[in-house]
């Protein structure tokens, strides 16, 4: 990863981007689309907004609706694999592998806790471990796991998370009737700093530009062993709040990188309750694999998956 630290006269007065250099334009363009969202959280009008951004690039993969209408989970998994491995695989192959285990019929993944196979309870996490030789961990309680999520993303590692997708693919609250999967591949933390403090470049307890500028190398892993970790972690812990954390996300219906409020994503993830009645009442989808009672509050809600390099 490489550091780009910038100041400007616009609404975000200090932007610290930690990302592959080739992704600079993507991040700048994405953040520009979300200026109004960032401005809306400002509490003190005399304060300046400071943005700390970590991003690990992931190429978009678009779900082809005619052939793979219900494959959003597998598309998100494919993006995860492509972002951290050199694996040569496409969506049809992943679909066939998942079908061979009895996880899916048409690409649907209505559970992180899947079904019995070989007399043992397997899940999507185990599918990743066995089929792709990667380590993954199933986690629950998204709200209490906020710091865990941020630390994982700091290392350039992806996260799979189910949520309800609105018409613009952003998180919404539909009780699972629009259940979808996304990959998280970075985050932003916003903080408010008095403008005169920024002018002197001496924000108390903040990372100074001179402390970090040009010290991070391309594709460096930011973990607890990194010599800059204490400074970065101190900044994160001080300013990390539910209202000021945003995540970079991709999903299989759009080529655009998204920035979502983590709070809204968490609420959307927690509100997943039941499979859409449109699916339950559709004879053509009767062979889909989902809980018999249609409830997904115990199979998807409040769950996410951390994926690690091999």
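Numbering (UniProt numbering), first residue to last: 1 to 310.
In this text, a Cβ means the ideal position worked out from N, Cα and C, and glycines have one as well.
Neighbourhood of residue i by C-beta distance below 8 Å, restricted to the same chain and skipping five residues each side
i           : result
residue 164 : 171, 172, 173, 174, 175, 176, 177, 178, 179, 180, 268, 271 and 272
residue 90  : 78
residue 125 : 112, 136, 137, 138 and 305
residue 25  : none
Host beta strand (DSSP E) of residue i (start-end)
i           : result
residue 139 : 135–140
residue 160 : 159–165
When the options are compared against residue i, the one with the closest alpha-carbon
i           : options              : result
residue 72  : 54, 244 and 162      : 162
residue 187 : 167, 169 and 149     : 149
residue 168 : 301, 306, 258 and 58 : 258
residue 154 : 261, 275, 32 and 56  : 56
residue 30  : 274, 74 and 246      : 246
residue 274 : 299, 250 and 85      : 299
residue 134 : 54, 262 and 87       : 87
residue 54  : 238, 156 and 262     : 156
residue 151 : 237, 38, 27 and 39   : 237
residue 262 : 92, 38 and 26        : 38
residue 166 : 264, 96, 99 and 228  : 264
residue 160 : 58, 99, 228 and 97   : 58
Proximal residues to residue i (C-beta, below 7 Å), its chain only, five neighbours per side dropped
i           : result
residue 62  : 252 and 255
residue 142 : 266, 269, 270, 302 and 304
residue 147 : 240
residue 94  : 74, 77 and 78
residue 41  : 190, 243 and 244
residue 260 : 170, 171, 246, 247 and 249
residue 196 : Confidence in residue 196 is poor, its pLDDT being 46 and thus under 50, which makes the residue's placement unreliable; the coordinate value appears in the next sentence. So the list is empty, once near-sequence residues are dropped.
residue 92  : none
Beta-bridge pairing of residue i - partner residues as DSSP gives them
i           : result
residue 260 : 247
residue 171 : 165
residue 229 : BP columns for residue 229 are empty, so no partner.
residue 182 : 161
residue 311 : Since the displayed the chain opens at 1 and closes at 310, residue 311 lies outside it and no answer follows.
Beta-carbon contacts of residue i that lie in its chain and below 6 Å, excluding the five residues immediately before and after
i           : result
residue 145 : 139
residue 158 : 80, 83, 183, 185 and 307
residue 309 : 84
residue 130 : none
residue 32  : none
residue 119 : Only weak support is given to the placement of residue 119: the predicted model assigns it a pLDDT of 26, under 50, and the value that follows is read from those uncertain coordinates. There are no such residues.
Range covered by the alpha helix (DSSP H) that runs through residue i
i           : result
residue 303 : Run containing residue 303: none in the alpha helix (DSSP H); it sits in the beta strand (DSSP E), 303–308.
residue 101 : First-last for residue 101: undefined, no H or E at that position.
residue 39  : 35–40
residue 154 : 146–154
residue 72  : 72–84
residue 131 : 124–132
Contact under 8 Å by Cβ, residue i with residue j
i           : j           : result
residue 244 : residue 183 : no
residue 132 : residue 101 : no
residue 136 : residue 50  : no
residue 185 : residue 233 : no
residue 230 : residue 60  : no
Distance cut-off 7 Å: residue i Cβ against heavy atoms of the ligand HEM
i           : result
residue 157 : Among the ligands in the structure shown, none appear at all, so the ligand HEM cannot be discussed.
Closer than 8 Å to chain B by CB, residue i
i           : result
residue 299 : Reference to chain B is not applicable here, since this structure consists of a single protein chain.
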